[in-house]
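S.K.: Here's a structure for you.
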Amino acid sequence: MIAQLHPATVKASYQDFLVALQANGFKGEISADYASRTVLATDNSIYQRLPQAAVFPRDASDVACIARLMAEPAYVGIKLTPRGGGTGTNGQSLTDGIVVDLSRHMNRILEIDVEGRWVRVQAGVVKDQLNAALKPHGLFFAPELSTSNRATIGGMINTDASGQGSCTYGKTRDHVLELHTLLLGGEAVHSLAIDEEELEHQCARQDRVGQVYRTARDINATQAELIDAVFPKLNRCLTGYDLAHLREADGRFNLNSVLCGAEGSLGFVVEAKLNVLPIPKYSVLVNVRYGSFMDALRDARALIQHTPLSIETVDSRVLMLAMKDIVWHSVAEYFPADPGRDTLGINIVEFSGDEAEDVDARVAAFTAHLQADLSVERLGHTLAVGHDAVTRVYTMRKRSVGLLGNVDGEIRPQPFVEDTAVPPEQLADYIAEFRALLDGYGLTYGMFGHVDAGVLHVRPALDMKDPAQAALIRPLSDAVAALTQKYGGLLWGEHGKGVRSEYVPAFFGELYPSLQALKTAFDPHNQLNPGKICTPLDSSEPLLRVDEVQLRGDLDRTIDERVWKSYGTAMHCNGNGACYNYDPDDAMCPSWKATRERAQSPKGRASLVREWLRLQGAAGVDVLSPARREPGFWQTLPQRWRNSRERKAGQQDFSHEVYDAMAGCLACKSCAGQCPVKVNVPEFRSRFLELYHTRYLRPARDYLIGSLEFTVPYLARLPGVYNGLMKAPVVERLLARQVGMVDSPLLSRFNFHASLRRWNVQPATAAQLIGLTEAERARSVILVQDAFTRYFETPLLVNLIELITRLGYRVYLAPFFPNGKPLHVQGFLRAFNKAAIRNASQLQALSAFGVRMAGLDPAMTLVYRQEYAKVPGIAQLPKVELLQEWLLEALPETLKANTPTRYRLLAHCTEKTNAPASTKQWEALFARVGLVLATQATGCCGMSGTYGHEARNQATSRTIFDQSWAAQVAASADEQGEALATGYSCRSQAKRLAGRELRHPLEVLLDVQRAMG
């Protein structure tokens, strides 16, 4: 039995502050539970700092409430740090104080002025969210990031973020027109470029705002020469306290230059007015391949002369990882293999403009240069033309950050010296020395970046659980800092300073006290994100040091190595935050999108189970012990009953917090397919539930769901009686209140056996299959039944049988055996393993006869190639194809529909993320018969098996459906084409929540076959 866990409690001073905060009218949420603290203890860096609590303000007045309370003498020891998307690589938003999360509620786009080309947004707005709203107006917010689908505007401002295209578009600061920032004490500063008269007015104020302006003005007036000498003349300039740009080119004074990049160490940015630009109407990428990564870097010098919008580079390590990722199927055509030569580096060169002829002429001149110039050996190049092609290539490039974490073994690329910037003309020589440094330590590494800006992200590969390798952080950081200064560059070119702020005094030298004076004016008691960038004058608190802040590896190495390897899909989460994707039309992660709770995300759940396993090990529990996982049901029942009663009485156990996070998971497996490092929540969720219920009782709901496949064949013998009971109000109330199930599906009353006789379907048995000739085997198929389409959508299964028969194939029906998926989802792993072994055995026996097998429901069919692969005792997986995989070879190209009718495909989230070619296969099948099928961008429908039928999930399930599917289901079939859905759960949800019965794509193909006779 697992142990009851009581982790570290919140310090008394912070508890007092939180109580006072609520008493002073704070309207947002306050979370001091260990789960929230654990999830917010990490970002995309190597560090881990456990906060005391997290607060989630609803609006600016809530932030002002926090700021006012902080300034009271009783609370000057309280430390707070603003947080947005939490995707930083330097620990910028990590704190051992209180996290102020501005992303959950303060995420509204307040105003769009199309004519003036500006927007007003709250700090929690995500960059891609903003650009999606601007796109209909032909505008966009320019600074481009690899994390643009989860990075908030507030986070971008606080790190002065930039990325691809910065040589053309600049950094975030270059597009900030006005900021609304709340200072300690609750005073607000509205900063923008102001003239001398207004500057004098602000400096005359006798409050903190006046003190801030006076300090900044005095620094600008007295330190001008030193500022000019210290600040490098780079495209990326300097993130944080940028004194060099306090004065605009026209002489106006702008405090935003120091607020942008301040990492929340000066105040709380709550709102911003931003400059936006017209979207280029036409773009072309020239993808240049090299046999050497250094050739790619050296070539960039010449390529820059053609003034492209940007030049992005990727090394062979990242390229090889991309080839194994879900993203590669969409870009492989642009990076063909070169016979006899490996591609070890690429440059992605973009040309954009409003006139296609002009852009094409520039591209032609550029490619002519590539053909004529022999100074560097190039393997070849391809063109990606137009918005769709460009987006696909950049999607691959954006995933580079996460993909570097997806390598085999424990030695993985780590972000701690990966943000340097040097003059572009020095980049090749600088990287050569950088590589020599890493080679001297015997390290491998991955590289990608923006060669036009002189920025290259270099990630040395280390096992941070190994103390000897973790100890390399200090010497490598020191050496890279020195090397960067040698080449006239910066250690912090793009992602902010964070924990690497210890190098600030050495870099700024005599100018460092000016930074301290500025910090003192804003934050005299060092309460805002302390230890970052600089400390106040006369402060005894030091800057953070790269080897003194707790590392993730410090905690990870305390986990038993056997446990670490066994739970690798959780342990290897590197915090890149791809699962925080704001886009409701992206499948990952529906529970996060609906709740905005970070514990309800793959990263959150991975963080929680990792900490849970660590604490169980510290308590002496061996979670891998067979006895631990398979206790006697009846022997442990009394103790589990007592434990469950204690839980209802308010017993504290971190396991309950982890359970709540796992219970919110839909088990859709989008994370397993889309996460760059393949964090597979459903897998470790099932294992956690199995262990959790060795200590606590299971609800009746779990047994009902888990036994579904076993009981439904018997219930189906009396469908009228079953359906009548399910529709009875008293039974509905009983199921909802006592069992926790709602809207239970009704059994089909279709005469299945009569249809089998009509279409001459034979059982798939040895007696039926053994005498088939080779030609007969080739024209036969074995249908593998699943409980949902067999018993709840029987007419659909019959339609499939008719379609296959009309195509000239003989249908054999495999005996129905439980697939086991419901058991796996609920954590009945012993029972699942038994069911899987039995089912795999009978299917493998059938496959020996040489007849292909196919399944109808994609989620159930994929279990045979995924969950079954990890079951001990299954020596060989049965090859059960998705329906469209089989149809691609069976459907002839000779039959065409009379009219090229348009259809829309709403694909099952498990199918499209775990079998990425599946949607294209359906499109190809429709094209083959003369129909047009367009796959729609949709997220999850909110059902995912039985999730939507659980009473506890009702609100979340509906929210998920409304976020993406509702509009697609409601769209007019006449205007946009009929919507089709491949998943049983998706069709069930559409009928339940929208009253619409969606057809399966196979039914359209059947209509074509029927029309052709």
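Residues in the sequence shown are numbered from 4 upward in steps of one, following the working numbering.
We put the beta carbon where it would ideally sit given N, CA and C, even for glycine.
1) Does the Cβ of Phe437 have 16 or more other Cβ atoms within 10 Å, making it buried, or fewer, making it exposed?
2) Can a CB atom of chain D be found closer than 8 Å to the CB of Thr572?
3) Ser143 and Val279 look like a contact to me (Cβ under 8 Å); what is the Cβ gap, rounded to whole Å?
4) Let's see if you can read the secondary structure: which residues bound the beta strand (DSSP E) around Val103?
5) For Thr155, which beta-bridge partners are listed by DSSP?
6) Is the separation between the beta-carbon of Tyr490 and that of Tyr433 shorter than 8 Å?
7) Give the DSSP-derived three-state secondary structure of Phe256 in the structure shown.
8) Keeping to the same chain, check which residues put their C-beta closer than 7 Å to that of Phe819; ignore five residues upstream and five downstream.
9) Decide yes or no for the touch test of the segment 419-431 against the segment 301-313: beta carbon pairs closer than 8 Å, at least 3 of them.
10) State the DSSP-derived secondary structure class of Trp121, mapped to helix, strand or coil.
11) Can you find the residues in the same chain that come closer than 8 Å, C-beta to C-beta, to Val410, ignoring five residues on each side of it along the sequence?
12) Asn836 by DSSP, collapsed to three states: which one?
13) Alpha carbons only, please: which of Pro732, Gly512, Leu24 and Leu749 is nearest the one belonging to Tyr725?
14) Could you give the first and the last residue of the continuous alpha helix (DSSP H) run that contains Met326?
15) Between the segment 245-253 and the segment 148-155, do three or more beta carbon pairs fall short of 8 Å?
16) Tell me whether Gly512 sits in a helix, a strand or coil according to DSSP, three-state version.
17) Mind checking whether Pro587 and Phe713 have CB atoms under 8 Å apart?
18) Any idea what DSSP makes of Lys535, helix, strand or coil?
19) Do the CB positions of Arg643 and Arg704 come within less than 8 Å of each other?
20) Express the C-alpha separation of His528 and Pro76 in angstroms, rounding to a whole number.
21) Count the other CB atoms within 10 Å of the CB of Tyr337; is the residue buried (16 or more) or exposed (fewer)?
22) May I ask which residues mark the beginning and end of the alpha helix (DSSP H) holding Ser658?
23) Please determine if the segment 252-270 and the segment 509-527 are in contact, where contact requires at least 3 C-beta pairs separated by less than 8 Å.
24) Out of curiosity, what's the CA-to-CA distance linking Asp625 and His696?
25) Glu505: buried (16+ other C-beta within 10 angstroms of its C-beta) or exposed?
26) To the nearest angstrom, how far is the alpha carbon of Gly986 from that of Ala252?
27) Give me whichever residues DSSP pairs with Ala757 in a beta bridge.
28) Count the other CB atoms within 10 Å of the CB of Pro605; is the residue buried (16 or more) or exposed (fewer)?
29) What are the complete alpha helix (DSSP H) segments, minimum 4 residues, inside the segment 940-973?
30) Can you look up Thr598 in the DSSP assignment and give me helix, strand or coil?
31) Give the secondary structure of Pro702 by DSSP, where H, G and I count as helix, E and B as strand, and everything else as coil.
32) Can you tell me whether Ser628 is helix, strand or coil according to DSSP?
33) I'd like the list of long-range same chain contacts for Leu484, defined as Cβ closer than 6 Å, with 5 residues on each side in sequence excluded.
34) Relative to the C-alpha of Ser543, which residue among Val784, Gln619, Ala439 and Pro533 is closest?
35) Start and end of the alpha helix (DSSP H) containing Leu373?
36) Could you tell me which residues DSSP pairs with Tyr50 in its beta bridges?
M.R.: Checking against the coordinates, here is how it stands:
1) Counting Cβ neighbours within 10 Å, Phe437 comes out buried, since at least 16 surround it.
2) Checking the listed chains, one finds no chain D in this structure; it contains a single protein chain.
3) For clarity, residue 143 is Phe in the given sequence; the question names Ser instead. The pair is a contact, with the Cβ atoms about 6 Å apart (cut-off 8 Å).
4) Counting along the chain, the beta strand (DSSP E) containing Val103 begins and ends at Ile101 to Asp104.
5) Bridge partners of Thr155: Val129.
6) Yes, these two residues count as a Cβ contact at 8 Å.
7) In the displayed model, Phe256 falls within a strand according to three-state DSSP.
8) Pro716, Gln788 and Arg793, listed in sequence order.
9) The segment 419-431 makes contact with the segment 301-313, as at least three CB pairs between them are under 8 Å.
10) Three-state DSSP puts Trp121 in a strand.
11) These residues qualify, in order along the chain: Leu324, Pro416 and Ala464.
12) If DSSP states are grouped into helix, strand and coil, Asn836 belongs with the helices.
13) Measuring from the Cα of Tyr725, the nearest candidate turns out to be Leu749.
14) Going by DSSP, Met326 is part of the alpha helix (DSSP H) stretching over Ser319 to Met326.
15) Result no; under three Cβ-Cβ pairs closer than 8 Å.
16) Reduced to three states, the DSSP call for Gly512 is helix.
17) Going by C-beta atoms, Pro587 is not nearer than 8 Å to Phe713.
18) DSSP, read as helix, strand or coil, puts Lys535 in coil.
19) The answer is no: Cβ separation not under 8 Å.
20) The straight-line gap from Cα to Cα measures roughly 10 Å.
21) Burial call: buried.
22) Where Ser658 is concerned, the enclosing alpha helix (DSSP H) stretches over Phe657 to Ala666.
23) Taking 8 Å as the limit for Cβ pairs, the verdict is that the segment 509-527 does touch the segment 252-270.
24) Rounded to whole angstroms, the separation of the alpha carbons of His696 and Asp625 is 15 Å.
25) Flag for Glu505 reads buried.
26) Distance between the alpha carbons of Gly986 and Ala252 is about 59 Å.
27) BP columns for Ala757 are empty, so no partner.
28) The residue in question, Pro605, is buried, as its Cβ has 16 or more Cβ neighbours within 10 Å.
29) Correct list: 957-963 and 969-973.
30) Under the three-state reduction of DSSP output, Thr598 falls in the helix class.
31) DSSP places Pro702 in coil when its eight states are reduced to three.
32) In the displayed model, Ser628 falls within coil according to three-state DSSP, outside both helix and strand.
33) It is worth fixing the name first, because residue 484 is Ala in this sequence and not Leu. Non-local C-beta neighbours of Ala484 in its own chain, meaning closer than 6 Å and more than five positions away in sequence, comprise Leu494 and Tyr506, ordered along the chain.
34) If we check each option's Cα against that of Ser543, Pro533 comes out closest.
35) Ala359 to Ala375 is the extent of the alpha helix (DSSP H) around Leu373.
36) In the DSSP output, where bridge partners are listed per residue, Tyr50 has Leu554.
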